[in-house]
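Everything in the sequence shown is counted per full-length UniProt numbering, starting at 1 for the first residue and increasing by one.
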Amino acid sequence: MSEALNAAALDQLFRTARTQNAFLDKPVEDAQLHALYELVKWGPTAANTTPARFVFVKSQEAKARLAPALDEGNLKKTVAAPVTAIIGFDEDFHEKTPYLFPHVPDAKSWFEGPRENRHVVAFRNGSLQGAYLIIAARALGLDAGPMSGFDNAKVDEAFFAGTAIKSNFLVNLGYGDPAGVFPRLPRLSFDEAARIA
1 MSEALNAAAL DQLFRTARTQ NAFLDKPVED AQLHALYELV KWGPTAANTT
51 PARFVFVKSQ EAKARLAPAL DEGNLKKTVA APVTAIIGFD EDFHEKTPYL
101 FPHVPDAKSW FEGPRENRHV VAFRNGSLQG AYLIIAARAL GLDAGPMSGF
151 DNAKVDEAFF AGTAIKSNFL VNLGYGDPAG VFPRLPRLSF DEAARIA
């Protein structure tokens, strides 16, 4: 049985972690991005489908390709971030099912047919993996700024053209600048958001 994390770890992952809107001028190394993925890949998905696909936008050339897709309010902070992760999902994820879910030999057949029939599974589980990325980044000492506010079609054309991969959301990664953090916003209470049935 696992032990509960201590208060400091829970603070780092949840209670004091904040969505970052500005980052310090401190690089994120490629090795850190590899370590990040090595944690993310262990998060559970339905039938181990693991449909998320990640692009870590880091070079100036890649940032220039991303910039035209960004809403005005997200442009400056995203271009300035050390890394922007594009969280995508592969609508042809089922092609990897024989490798990823080998104990059910015909599992690939569950997802055969038109891509639109796989969209919900890909989107749902890819979103889960994007959330794992945020938690894993925090666990590794990085800060994250997840966001919408971009043109998915432009991102897909710039980074996923000719594939079955679609963009979902973006996450700026780096070392947060405390000056860019907004005041803590409220959250719903248990009784407002949950019930025990």
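Every residue, glycine too, gets a C-beta built ideally from N, C-alpha and C.
For the beta strand (DSSP E) that contains residue i, what are its first and last residues?
i           : result
residue 232 : Residue 232 is absent from the model: the chain starts at 1 and stops at 197.
residue 89  : 83 to 90
residue 143 : 143 to 147
If I follow the unbroken alpha helix (DSSP H) through residue i, where does it start and stop?
i          : result
residue 53 : Counting along the chain, residue 53 falls outside any alpha helix (DSSP H), though it belongs to the beta strand (DSSP E) covering 52 to 57.
residue 60 : 60 to 66
residue 70 : Where residue 70 is concerned, there is no enclosing alpha helix (DSSP H), given that its DSSP letter is neither H nor E.
residue 34 : 30 to 40
residue 98 : 97 to 100
Are the CB atoms of residue j and residue i within a distance shorter than 7 Å?
i           : j           : result
residue 93  : residue 51  : yes
residue 176 : residue 32  : no
residue 82  : residue 27  : yes
residue 57  : residue 84  : yes
residue 74  : residue 149 : yes
residue 55  : residue 123 : no
Please report the straight-line C-alpha distance between residue i and residue j, rounded to a whole angstrom.
i           : j           : result
residue 24  : residue 143 : 10 Å
residue 130 : residue 141 : 17 Å
residue 194 : residue 125 : 22 Å
residue 47  : residue 62  : 33 Å
residue 198 : residue 29  : With the chain running from 1 to 197 in the structure shown, residue 198 is simply not present.
Measure how close the beta-carbons of residue i and residue j come, nearest whole angstrom, since I'm counting them as under 8 Å.
i          : j           : result
residue 36 : residue 133 : 7 Å
Q.
If contact is defined by three or more beta carbon pairs under 8 Å, each pair taking one atom from either stretch, is the region 97 to 110 in contact with the region 173 to 190?
A. no
Q. Using 8 Å as the Cβ pair cut-off and three pairs as the minimum, do the region 163 to 178 and the region 76 to 92 touch?
A. yes
(Q) Is it the case that the region 171 to 178 contacts the region 129 to 144, given that we only count it when at least three CB pairs across the two stretches are under 8 Å? (A) yes
Q. Within the chosen definition, does the region 63 to 76 reach the region 150 to 159 through at least 3 CB pairs nearer than 8 Å?
A. yes
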